[in-house]
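> Heads up, the final residue of the sequence shown is numbered 1040 in my numbering, and it's a clean run with no missing numbers.
Below are the structure tokens for one structure; questions will follow.
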Amino acid sequence: MVHPPDPEVLDRERRWLAEIEKRGFWSRSVALLGRGGPGYLQSAMTLGGGSVSASLLAGAAFGFQLLWVAPLGMLIGTIMMAAIAHQTLSTGMRPFEAMRVHAGGVFAWGWAIGALVASIVWHFAQYSLASAVMVDMGDAAGADLPRGAAGVLILIWAVFTAQAFGTRSRWTALFDRGLKIMIWLIVISFGLVAFKAGVDDPGAILRGFTTFQVPDDRGDVTSAALIISGLAAAVGVNMVFLYPYTLLARGWGKGHRRLARFDLGFGMLLPYIFATSLITIAAAGTIHTDFQGTGISPVEAAKTLAGVIGPVWGRLIFQLGILSMVLTTITMHMICAGFCCSEMFGWEFGSLKYRLAVLLPTPGVLGCFFWSEMSVWIAVPTSIVAGFLLPLAYLGFLKLQRSRAYLGDALPTGARGMAWFGGMVLATAVIIAFLGWYLLTRGPAFLERFGM
589 MVHPPDPEVL DRERRWLAEI EKRGFWSRSV ALLGRGGPGY LQSAMTLGGG
639 SVSASLLAGA AFGFQLLWVA PLGMLIGTIM MAAIAHQTLS TGMRPFEAMR
689 VHAGGVFAWG WAIGALVASI VWHFAQYSLA SAVMVDMGDA AGADLPRGAA
739 GVLILIWAVF TAQAFGTRSR WTALFDRGLK IMIWLIVISF GLVAFKAGVD
789 DPGAILRGFT TFQVPDDRGD VTSAALIISG LAAAVGVNMV FLYPYTLLAR
839 GWGKGHRRLA RFDLGFGMLL PYIFATSLIT IAAAGTIHTD FQGTGISPVE
889 AAKTLAGVIG PVWGRLIFQL GILSMVLTTI TMHMICAGFC CSEMFGWEFG
939 SLKYRLAVLL PTPGVLGCFF WSEMSVWIAV PTSIVAGFLL PLAYLGFLKL
989 QRSRAYLGDA LPTGARGMAW FGGMVLATAV IIAFLGWYLL TRGPAFLERF
1039 GM
């Protein structure tokens, strides 16, 4: 685990948090905006290739009809993450051990293994997208950058940032500030494109968020697959694993529980909803009418959107947003792999074994060359398995949320406690229901594809 800050710094922060608790809502909220960090780490992890592809394809194929998917997925994740933060900060117990002792080994090991597998396999798609984006940015600027060279540059950057994470307090602070800048750069980039694209019917956007439409399939694109991928892209099992450790890494405790909830809202929930919604709106406003029903890549989308802003800047702005998403996701996947192995096998953070575990996802650089051929037989089954392991983790946290032996006096009680637990149950039920719906509607086609 990352070494916590200096005790004096933590003590000053606790006194500051106690002082602002006396303020009114708005004054306290403004003060909390300048703090936080773990929420932005989750944004860095979730805003990646999966989010881009699902949001782009949703807008291109179905216009504004699936705008509700990303906010629902992230709202579900935020409810669960808030509970995880409450549990971790109230007890200070390492989450994997807490899950193993108080929920059961099946939940703990399924959670950790699912997070590790997801971090490794989904890495291939991130490199494929990042290298394609860098090549296209070079082309837009008049430079010729081979995909292999782009992949090597990304790999060097990712290894450095992942290995340096948590080693020095000064570097960690720079890392946090850099992530915050990149996350809001993503939102601003897509916001510019969506604004320039324009919207003829603002009411259609409102209906897309509020009516929960499930449109008919369009060509080869199925609404069921996009709904499941959109929900899965919002909060992955590897995000759920890494998050509580980033809280402990900062030395946070009971006094930081409000800050943690606020950080989830402004560091994870809002940036994700803004970014994914703006991508969908931009695609719906520019690509939807001429969509052929066979799919579209982010690079193709960038070239289409280039006409909205300009042949060079249109592509560069859109691609810069995508590249920021994917680079941060690559780093966080590597860090998550190291944490998973450390917790499962008892390795010390920063040890040689931990550093080697951080490198486990690096074969994903091969995605620069082979991802189009590997995607079917690796990404699809792994996404389904990891998707089913997410409810397993959620069920484990449901058990922890009602465990007096684990939470003690911090066990949420009364109407508020039951409402919170009810929200967690509902969030878990929604994920399980959509997974079941997907298997019933698309399962036979999936089995047929793999010769089963």
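A virtual CB, placed ideally from N, CA and C, is assigned to each residue, including glycine.
None of the values given here were measured: they were computed from a predicted structure.
Taking the C-alpha atoms as reference points, what is the distance between residue 926 and residue 990?
The count along the sequence shown starts at 1 and reaches residue 926 at position 338. The count along the sequence shown starts at 1 and reaches residue 990 at position 402. If you take the alpha carbons of residue 926 and residue 990, they lie about 30 Å apart.
> Apart from the five residues just before and just after residue 860, which ones in its own chain have a Cβ nearer than 8 Å to its Cβ?
Locating residue 860 in the sequence shown gives position 272, counting from the first residue. Only 631, 634, 635, 639, 658, 662 and 822 meet the Cβ criterion.
> Leaving out the 5 sequence neighbours to the left and right, which residues in its chain are closer than 7 Å to residue 1026 when beta-carbon positions are compared?
As a first step, residue 1026 is located in the sequence shown; it is residue number 438 there, counting from the start. Answer for residue 1026: 812 and 816, listed in chain order.
> Rounded to whole angstroms, what is the Cα-Cα separation between residue 839 and residue 796?
Within the sequence shown, residue 839 is the residue found at index 251, counting from 1. Within the sequence shown, residue 796 is the residue found at index 208, counting from 1. Near 41 Å, if we compare the C-alpha coordinates of residue 796 and residue 839.
> In the DSSP assignment, find the alpha helix (DSSP H) that holds residue 681 and state where it starts and stops.
Indexing the sequence shown from 1 puts residue 681 at position 93. That residue, residue 681, is in no alpha helix (DSSP H); it is neither H nor E in DSSP.
> Short check: CB of residue 977 to CB of residue 1016, under 9 Å?
Numbered from 1 along the sequence shown, position 389 holds the residue referred to as residue 977. Numbered from 1 along the sequence shown, position 428 holds the residue referred to as residue 1016. Contact: no.
> Run through the DSSP bridge pairs and tell me what residue 600 is partnered with.
Taking the sequence shown and counting its residues from 1, one reaches residue 600 at position 12. Per DSSP, none; premise fails for residue 600.
> Could you tell me which whole alpha helix (DSSP H) segments of length 4 or greater appear in the stretch 823 to 871?
With a minimum length of 4 residues, the continuous alpha helix (DSSP H) runs that stay inside the stretch 823 to 871 are 825 to 837 and 845 to 852.
> Closest to residue 944 by CA distance: which of 954, 924 and 956 is it?
Translated into positions along the sequence shown, residue 944 becomes position 356. Taking only the C-alpha atoms, the option nearest residue 944 is 924.
> Skipping 5 residues on each side, what residues in its chain have a beta carbon closer than 6 Å to that of residue 696?
What you label residue 696 is simply residue 108 of the sequence shown in a count that begins at 1. Contacts found: 684, 687 and 688.
> If you draw a straight line from the alpha carbon of residue 876 to that of residue 616, how long is it in whole angstroms?
Taking the sequence shown and counting its residues from 1, the one referred to as residue 876 is at position 288. Taking the sequence shown and counting its residues from 1, the one referred to as residue 616 is at position 28. When rounded, the distance between both Cα atoms is 43 Å.
> Would you identify the three-state DSSP class for residue 809, choosing helix, strand or coil?
In the sequence shown, the residue the question calls residue 809 occupies position 221. Residue 809 falls in the strand class under three-state DSSP.
> With burial defined as no fewer than 16 other Cβ atoms inside 10 Å of the residue's Cβ, what is the status of residue 603: buried or exposed?
Translated into positions along the sequence shown, residue 603 becomes position 15. Flag for residue 603 reads exposed.
> For the putative contact between residue 979 and residue 1020, defined by C-beta atoms under 8 Å, what is the C-beta separation to the nearest angstrom?
Here the question's residue 979 lines up with position 391 in the sequence shown. Here the question's residue 1020 lines up with position 432 in the sequence shown. About 5 Å; that satisfies the 8 Å criterion.
> How would you label residue 936, buried or exposed, when you count the other beta carbons within 10 angstroms and need 16 or more for buried?
By one-based count along the sequence shown, residue 936 stands at place 348. Counting Cβ neighbours within 10 Å, residue 936 comes out exposed, since fewer than 16 surround it.
> Check whether the Cβ atoms of residue 673 and residue 835 sit closer than 9 Å, and answer yes or no.
Residue numbering aside, residue 673 sits at position 85 when the sequence shown is read from its first letter. Residue numbering aside, residue 835 sits at position 247 when the sequence shown is read from its first letter. Yes, the Cβ-Cβ distance between residue 673 and residue 835 is below 9 Å.
> Suppose you measure from the CA of residue 652 to the CA of residue 642; what does that come to, to the nearest Å?
Sequence index remark: in the sequence shown, residue 652 carries index 64 (1-based). Sequence index remark: in the sequence shown, residue 642 carries index 54 (1-based). Looking at the two C-alpha atoms, the distance is approximately 13 Å.
> Can you check which of these residues, 879, 1012, 955 and 904, is closest to residue 729 by C-alpha distance?
Taking the sequence shown and counting its residues from 1, the one referred to as residue 729 is at position 141. Selected option, being the one with the closest Cα: 904.
> Unbroken beta strand (DSSP E) runs of length 3 or more, entirely within the stretch 914 to 955: which are they?
Here no run is fully enclosed.
> Where does the unbroken alpha helix (DSSP H) through residue 795 begin, and where does it stop?
Within the sequence shown, the letter at position 207 stands for residue 795. That run of the alpha helix (DSSP H) goes 790 to 798.
> In terms of residue numbering, what span does the alpha helix (DSSP H) encompassing residue 635 cover?
Within the sequence shown, the letter at position 47 stands for residue 635. It is not in any alpha helix (DSSP H) - residue 635 carries neither H nor E in the DSSP assignment.
> Within its chain, find whatever has a CB closer than 6 Å to the CB of residue 647; leave out the 5 residues flanking it on each side and keep chain order.
Taking the sequence shown and counting its residues from 1, one reaches residue 647 at position 59. Cβ neighbours of residue 647 beyond the five flanking positions: 868, 871 and 872.
> In whole angstroms, give me the CA-to-CA distance for residue 963 and residue 712.
Counted from its first residue, the sequence shown places residue 963 at position 375. Counted from its first residue, the sequence shown places residue 712 at position 124. With a pLDDT of 48 at residue 963, under the threshold of 50, the modelled position of this residue cannot be trusted; read the value that follows with caution. Taking the straight line joining both Cα atoms gives about 8 Å.
> Is residue 595 helix, strand or coil when you go by DSSP?
Counting from one through the sequence shown, the residue named residue 595 turns up at place 7. In the structure shown, residue 595 sits in a helix (DSSP, three-state: H, G or I).
> Cα-Cα, which of 1018, 1022 and 622 is closest to residue 667?
The sequence position of residue 667 within the sequence shown is 79, counting from 1. The shortest Cα separation from residue 667 among 1018, 1022 and 622 belongs to 1018.
> Among the candidates 826, 649 and 677, whose CA atom is the shortest distance from the CA of residue 880?
As a position in the sequence shown, residue 880 is number 292, starting the count at 1. Measuring from the Cα of residue 880, the nearest candidate turns out to be 649.
> Which same chain residues, not among the five before or five after residue 1038, have their C-beta less than 7 Å away from its C-beta?
Position 450 of the sequence shown, counted from the first residue, corresponds to residue 1038. Residue placement at residue 1038 cannot be trusted, given a pLDDT of 47 that sits under 50; what the coordinates show is reported in the next sentence. Nothing listed; no residue qualifies.
> Which of the three DSSP states, helix, strand or coil, is assigned to residue 1077?
For residue 1077 there is no data in the structure shown, the boundaries of the chain being 589 and 1040.
> May I ask you to report which of helix, strand or coil DSSP gives residue 607?
By 1-based counting over the sequence shown, the position of residue 607 is 19. Residue state, collapsed to three classes: helix.
> Compare the Cα-Cα distances from residue 739 to each of 1001, 938 and 723 and report the closest residue.
As a first step, residue 739 must be located in the sequence shown, where it is residue number 151. Measuring from the Cα of residue 739, the nearest candidate turns out to be 723.
> According to DSSP, is residue 729 helix, strand or coil?
Stepping through the sequence shown from its first residue, residue 729 is reached at position 141. It is coil, neither helix nor strand.
> What's the C-alpha gap between residue 933 and residue 802?
Within the sequence shown, residue 933 is the residue found at index 345, counting from 1. Within the sequence shown, residue 802 is the residue found at index 214, counting from 1. Each residue's alpha carbon lies about 44 Å from the other.
> Can you give me the start and stop residues for the alpha helix (DSSP H) that residue 992 sits inside?
Along the sequence shown, one-based indexing puts residue 992 at 404. 992 to 995 is the span of the alpha helix (DSSP H), which, as asked, contains residue 992.
> Terminal residues of the continuous alpha helix (DSSP H) containing residue 747?
If you number the sequence shown from 1, residue 747 lands on position 159. Segment 735 to 752, the alpha helix (DSSP H) holding residue 747.
> In angstroms with no decimal places, state the Cα-to-Cα distance between residue 700 and residue 707.
For the purposes of this step, residue 700 is taken as residue 112 along the sequence shown, with counting starting at 1. For the purposes of this step, residue 707 is taken as residue 119 along the sequence shown, with counting starting at 1. Whole-angstrom Cα-Cα distance: 11 Å.
> Using DSSP with H/G/I as helix, E/B as strand and the rest coil, what is residue 1001?
Here residue 1001 refers to the residue found at position 413 when the sequence shown is read from its first residue. Coil.
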